[in-house]
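Trainee: Here it is, the structure, as structure tokens.
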Amino acid sequence: MAREDEIFRKLNNGDSSALDELIRLYYPEILRYCSWHTSDRQTAEDATQETFLKAVRHLDNYIHHGKFKAFLYKIAVNTCTDLWRKCKTQPPCESEEYIEPGFARAESDISMKKMLDMLPDGQREIVILRYVHELKVREISVILNEPLRTVQSQLRAALKTLEKNLSKGASENE
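Numbered according to the numbering used here, the sequence shown spans residues 5 to 178.
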């Protein structure tokens with residue numbers, strides 16, 4: 005987090021370009037996170053921009069202790085939850101498949117997304133943060149404001165459910 009610390013030093017010294025640097029540092033991660041929770045690329049980009057707008061709006065209240073990434077993810081979680089609720093009251097939001105060089109990965113991500121949709125919201129969130137975004141369980145605990153043991157047990161339960169669904173799907177395909 006040395007780069008993040010340096011960016012915050014610049015921000016505290018009044019360097020406004022440091023804010024752009026901070027956004028560039030985390031934009032791809034937050035966009036990828038939002039992509040897992042939205043129906044299309046445009047909505048994911050909107051959610052990402054909304055996340056950064058909220059972060060900038062509340063930056064005065066943020067005290068830097070090397071946990072800005074967790075701060076951003078917490079905002080992204082809330083933003084995507086709000087979008088999901090809004091989407092739930094409108095016509096169904098279906099994932100779109102993109103035809104691009106990374107099509108195989110996108111197709112794999114869509115399959116994974118469908119599998120994760122079978123999990124309860126809390127478990128799905130933990131699995132996405134842990135395995136898609138490769139966050140540590142301790143970081144997830146901070147982001148979701150849940151005790152570490154709760155996150156660990158929810159993760160185990162989610163993995164058991166996914167394993168059971170995979171086994172069930174494999175036996176149906178035989």
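In this text, a Cβ means the ideal position worked out from N, Cα and C, and glycines have one as well. Given the structure is predicted, the values throughout are model-derived calculations rather than measurements.
#1: By the three-class DSSP mapping on this structure, what secondary structure does residue 29 have?
#2: From 47, 170, 79, pick the residue whose C-alpha is nearest to that of residue 62; which is it?
#3: Closest to residue 119 by C-alpha separation, out of 154, 40, 151, would be which residue?
#4: When the Cβ atoms of the segment 25-36 are set against those of the segment 69-78, are three or more pairs found closer than 8 angstroms?
#5: What does a CB cutoff of less than 7 angstroms around residue 147 pick up in its chain, not counting 5 residues either side in sequence?
#6: Measuring straight from C-alpha to C-alpha, what distance separates residue 43 and residue 70?
#7: Residue 51 and residue 83: beta carbons closer than 8 angstroms?
#8: Looking at the unbroken alpha helix (DSSP H) that takes in residue 16, where does it start and where does it end?
#9: Out of curiosity, what's the CA-to-CA distance linking residue 164 and residue 26?
#10: Is residue 77 helix, strand or coil by DSSP?
Mentor: In short, the structure shows the following:
#1: helix
#2: 79
#3: 40
#4: yes
#5: 74, 77, 78, 81, 133
#6: 32 angstroms
#7: yes
#8: 6-16
#9: 37 angstroms
#10: helix
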